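**Q** Under my numbering, the first residue of the sequence shown carries the number 720, and numbering increases by one thereafter.
Take a look at this one; I'll ask things after.
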Amino acid sequence: MTGVAASTAAARPERRVALRFVLVIGILSLFADFTYEGARSVLGPYFALLGATATIIGFVSGAGELLGYGLRLVSGRMADDTRQFWPIIIVGYVLQMSVVPLLALTNRWEWAALLVILERVGKAIRNPPRDVLLSHAAKQAGGFGLAFGIHEALDQFGAMLGPLAVAAVLGWKGSYHLAFAALAIPAAINLALVVLARILYPQPALNMEDQPLDGDQRLPKRFWIYLAGAGLVAVGFADYPLLAYQFSRAGSVPRDWIPIFYAIAMGVSGTGALALGRLFDRYGFRLLIGLTIATLLYAPLALLGGFWSALAGTALWGLGMGVHEALIPAAVAPMVPEARRASAFGLFTAGYGILWFAGSAVIGILIDRSLPAAVLFCVISEIAALPLLIATARRAPS
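This is how it looks when you write it as structure tokens:
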């Protein structure tokens, strides 16, 4: 056997191990998204039922995203400093999966808002160390875009099933509380799978990537440019509870269809992530720029039109969200030193979340006052991101 053939044969087991790890993490993420995205698909009309306005919904959604992304800076830094990836991941999943079914016990929007924010905190705790473990597997699995695309596809498949299950319960009993209570089942499955993954892969970072932790540990200028561009995209992307609130208020989408629309968005997101992740490995930021342009029309279609227009806008919204959820870590991982990867993920998503909070708050206020102004704000924010994404692409290594 030649040296090249021997090397290739030796690499195959490592690639299989890495792909299995990506699949295991993807499946547990599927049940996580089944749980919390199922709940989020109806939070807009549920908050409205409890007496909240669009301004309140925008503030609560934005505050949840602010903490959900901002606290990743803390958990990312902690993961880098301690290298205790699994304990941090487990704490985050336990918190997140515990609070969602408790929405079944709420009868005031203030209590529901607290649980929504705590769910985002749980996600903030577990995401940076989990993404680091996935990034280690990505090198062996065949590429960052491929690994994160597979994970995001499974993740969003769960995000599609959850809203469909909630819609089924609402169609059957018409009870938001029963729908939230039913989400305890996928939450329990997720926690069982987290424990199983910890047993099967106790130290995946050591097994899948052997990279020295010394050398220049500074974050490159390209990282900061990309953060600014992605942040402007976040400013213009309304959180789904705001879209759902407007659907309910305008009567453009029947109540039972609102979670189904969300399921469709997640289906588009997952399918797009699986296909586009691999393309990102080949085309890089040129793909991201094109997709940002393609999703510019989500706001006018979703917020200003009737049923079919809202459906098209929601699908574009799902594509945009899925692309950024899948491609942000795939883009950031090779930009930064391995020893700073969790901190970089945390810092990047913290900045992203702060701007998402600001954008959601502004969009909620504008929807209460002027719907066309809210749409214009979303479109301008997306357009403003394009020069920064182009600058990031130009700084890519040849």
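By construction, the Cβ of each residue, glycine as well, lies at the ideal position given by its N, Cα and C atoms.
In this text the structure is predicted, and so the values were computed from the model without any measurement.
Unbroken alpha helix (DSSP H) runs of length 4 or more, entirely within the region 986-1037: which are they?
**A** 1004-1013 and 1017-1023
**Q** Taking only the alpha-carbon atoms, compute the straight-line gap between Met1040 and Leu747 and give it to the nearest angstrom.
**A** Against the sequence shown, residue 1040 aligns to sequence position 321. Against the sequence shown, residue 747 aligns to sequence position 28. Roughly 20 angstroms separates the two Cα atoms.
**Q** Measuring straight from C-alpha to C-alpha, what distance separates Ala1103 and Leu1010?
**A** The sequence position of residue 1103 within the sequence shown is 384, counting from 1. The sequence position of residue 1010 within the sequence shown is 291, counting from 1. About 14 angstroms.
**Q** Express the C-alpha separation of Ala1080 and Phe876 in angstroms, rounding to a whole number.
**A** For the purposes of this step, residue 876 is taken as residue 157 along the sequence shown, with counting starting at 1. For the purposes of this step, residue 1080 is taken as residue 361 along the sequence shown, with counting starting at 1. Using only the alpha carbons, I get a separation of about 28 angstroms.
**Q** By Cβ distance below 7 angstroms, which residues in the same chain neighbour Ser1100 in space, the five residues on each side in sequence not counted?
**A** Within the sequence shown, the letter at position 381 stands for residue 1100. Excluding sequence neighbours, Ser1100 sits near Leu951, Val954, Gly955 and Gly1078.
**Q** With a CB to CB cut of under 6 angstroms and the five nearest residues on each side skipped, what residues in its chain are close to Pro931?
**A** Start at 1 with the first residue of the sequence shown, and residue 931 comes out as number 212. Only weak support is given to the placement of Pro931: the predicted model assigns it a pLDDT of 47, under 50, and the value that follows is read from those uncertain coordinates. Correct list: empty, nothing qualifies.
**Q** DSSP on Thr825, reduced to helix/strand/coil?
**A** Here residue 825 refers to the residue found at position 106 when the sequence shown is read from its first residue. Residue state, collapsed to three classes: coil.
**Q** Tell me whether the beta-carbon of Met703 lies closer than 9 angstroms to the beta-carbon of Gly1024.
**A** Any question about residue 703 goes unanswered here, given that the chain covers just 720 to 1117.
**Q** Might you give, ordered along the chain, the residues of its own chain that have their beta carbon closer than 6 angstroms to the beta carbon of Asp933, omitting 5 neighbours on each side?
**A** By 1-based counting over the sequence shown, the position of residue 933 is 214. Bear in mind that a pLDDT of 49 at Asp933, under 50, signals an unreliable position, so the model cannot answer this.
**Q** Around the Cβ of Asn909, are there at least 16 other Cβ atoms within 10 angstroms (buried) or fewer (exposed)?
**A** Position 190 of the sequence shown, counted from the first residue, corresponds to residue 909. Burial call: buried.
**Q** Using 9 angstroms as the threshold, is the C-beta distance between Tyr981 and Ile776 below it?
**A** Here residue 981 corresponds to residue number 262 of the sequence shown, with the count starting at 1. Here residue 776 corresponds to residue number 57 of the sequence shown, with the count starting at 1. Taking 9 angstroms as the Cβ cut-off, Tyr981 and Ile776 do not qualify as a contacting pair.
**Q** By Cβ distance below 8 angstroms, which residues in the same chain neighbour Trp805 in space, the five residues on each side in sequence not counted?
**A** Translated into the one-based positions of the sequence shown, residue 805 becomes position 86. Contacts found: Pro848, Arg917 and Pro921.
**Q** Would you check if the region 780-788 and the region 857-867 touch, i.e. whether three or more CB-CB distances between them fall below 8 angstroms?
**A** With the cut-off at 8 angstroms, the region 857-867 and the region 780-788 do not touch.
**Q** When the Cα atoms are used, what is the spatial distance from Leu790 to Ser780?
**A** Against the sequence shown, residue 790 aligns to sequence position 71. Against the sequence shown, residue 780 aligns to sequence position 61. Each residue's Cα considered, the two are about 15 angstroms apart.
**Q** Note down the Cα distance separating Ile844 from Leu792, rounded to an integer number of angstroms.
**A** The residue labelled residue 844 in the question sits at position 125 within the sequence shown. The residue labelled residue 792 in the question sits at position 73 within the sequence shown. Rounded to the nearest angstrom, the two C-alpha atoms are 9 angstroms apart.
**Q** Are the CB atoms of Pro960 and Gly811 nearer to each other than 9 angstroms?
**A** The count along the sequence shown starts at 1 and reaches residue 960 at position 241. The count along the sequence shown starts at 1 and reaches residue 811 at position 92. Cβ distance not < 9 angstroms, so Pro960 and Gly811 don't count as in contact.
**Q** Classify Tyr920 as helix, strand or coil using the three-state DSSP reduction.
**A** Counting from one through the sequence shown, the residue named residue 920 turns up at place 201. Reduced to three states, the DSSP call for Tyr920 is coil.
**Q** Under 9 angstroms between the Cβ atoms of Val1098 and Ala1029?
**A** As a working mapping, residue 1098 is identified with position 379 in the sequence shown. As a working mapping, residue 1029 is identified with position 310 in the sequence shown. Taking 9 angstroms as the Cβ cut-off, Val1098 and Ala1029 do not qualify as a contacting pair.
**Q** Grouping DSSP H, G and I as helix and E and B as strand, with all else coil, what is Thr772?
**A** What you label residue 772 is simply residue 53 of the sequence shown in a count that begins at 1. Here Thr772 sits in coil by DSSP.
**Q** How would you call Ile1012, buried or exposed, if buried means at least 16 neighbouring beta carbons within 10 angstroms?
**A** Residue mapping note: residue 1012 aligns to position 293 of the sequence shown, counting from 1. By the neighbour-count rule (16 or more Cβ atoms within 10 Å), Ile1012 is not buried but exposed.
**Q** Of the residues Phe740, Leu1105, Ala1058 and Arg1113, which one's Cα is nearest the Cα of Phe867?
**A** Translated into positions along the sequence shown, residue 867 becomes position 148. Looking at the Cα atoms, Phe740 is the closest of the given residues.
**Q** Which term fits Thr1014, buried or exposed, when burial requires 16 or more other beta carbons within 10 angstroms of its beta carbon?
**A** Counted from its first residue, the sequence shown places residue 1014 at position 295. Classification of Thr1014: buried, given that the 10 Å Cβ count is 16 or more.
**Q** Over what stretch of residues does the alpha helix (DSSP H) that includes Leu1087 continue unbroken?
**A** The residue labelled residue 1087 in the question sits at position 368 within the sequence shown. Just to set this straight, residue 1087 is Asp in the shown sequence, not Leu. Segment Arg1060 to Arg1088, the alpha helix (DSSP H) holding Asp1087.
**Q** Mapping DSSP to helix, strand and coil, what is Phe942?
**A** Mapped onto the sequence shown, residue 942 falls at position 223. DSSP places Phe942 in helix when its eight states are reduced to three.
**Q** What three-state label does DSSP hand Leu889 in the structure shown?
**A** Translated into positions along the sequence shown, residue 889 becomes position 170. Residue state, collapsed to three classes: helix.
**Q** What number of angstroms, rounded off, separates the C-alpha of Gly1070 from the C-alpha of Ile944?
**A** The residue given as residue 1070 occupies position 351 in the sequence shown. The residue given as residue 944 occupies position 225 in the sequence shown. Each residue's Cα considered, the two are about 12 angstroms apart.
**Q** Please determine, among Leu821, Leu902, Arg1060 and Leu897, the residue with the shortest C-alpha to C-alpha distance to Gly795.
**A** Here residue 795 refers to the residue found at position 76 of the sequence shown. Among Leu821, Leu902, Arg1060 and Leu897, the Cα nearest to that of Gly795 belongs to Arg1060.
**Q** Would Ala1110 pass as a contact of Gly948 if the rule is Cβ separation under 9 angstroms?
**A** On the sequence shown, residue 1110 is found 391 positions in, with the first residue counted as 1. On the sequence shown, residue 948 is found 229 positions in, with the first residue counted as 1. Taking 9 angstroms as the Cβ cut-off, Ala1110 and Gly948 qualify as a contacting pair.
**Q** Residues in the same chain with beta-carbon distance under 7 angstroms from Gly757, minus the five sequence neighbours each way, listed in chain order, please.
**A** Position 38 of the sequence shown holds residue 757. Answer for Gly757: Gly881, Pro882, Ala884, Val885 and Leu902, listed in chain order.
**Q** Flag this pair as yes or no: are the beta carbons of Pro978 and Phe750 separated by less than 9 angstroms?
**A** The residue you call residue 978 lines up with position 259 of the sequence shown. The residue you call residue 750 lines up with position 31 of the sequence shown. No, they are not a contact pair.
**Q** Considering only the beta carbon of each residue, do Ala957 and Ile1082 sit closer than 9 angstroms?
**A** Taking the first residue of the sequence shown as 1, we reach residue 957 at position 238. Taking the first residue of the sequence shown as 1, we reach residue 1082 at position 363. Against a cut-off of 9 angstroms, the Cβ pair of Ile1082 and Ala957 comes out as a contact.
**Q** Between which residues of its own chain and Leu1090 is the CB-CB distance below 8 angstroms, once the five residues before and five after are set aside?
**A** Residue mapping note: residue 1090 aligns to position 371 of the sequence shown, counting from 1. Same-chain partners within the cutoff: Gln965, Leu1022 and Leu1023.
**Q** I'd like to know whether the C-beta of Ile746 is nearer than 9 angstroms to at least one C-beta of chain B.
**A** Although the question refers to chain B, the structure presented lacks it and comprises just one protein chain.
**Q** Are the beta-carbon atoms belonging to Ala737 and Ala872 less than 9 angstroms from one another?
**A** Here residue 737 is taken as the residue at index 18 of the sequence shown, counted from 1. Here residue 872 is taken as the residue at index 153 of the sequence shown, counted from 1. Their beta carbons are not under 9 angstroms apart, which means Ala737 does not touch Ala872 by this criterion.
**Q** Check whether the Cβ atoms of Ala832 and Phe899 sit closer than 9 angstroms, and answer yes or no.
**A** For the purposes of this step, residue 832 is taken as residue 113 along the sequence shown, with counting starting at 1. For the purposes of this step, residue 899 is taken as residue 180 along the sequence shown, with counting starting at 1. No, these two residues do not count as a Cβ contact at 9 angstroms.
**Q** Using a threshold of 9 angstroms, state whether the C-beta atoms of Phe1096 and Leu1085 are closer than that.
**A** Taking the first residue of the sequence shown as position 1, residue 1096 is located at position 377. Taking the first residue of the sequence shown as position 1, residue 1085 is located at position 366. The answer is yes: Cβ separation under 9 angstroms.
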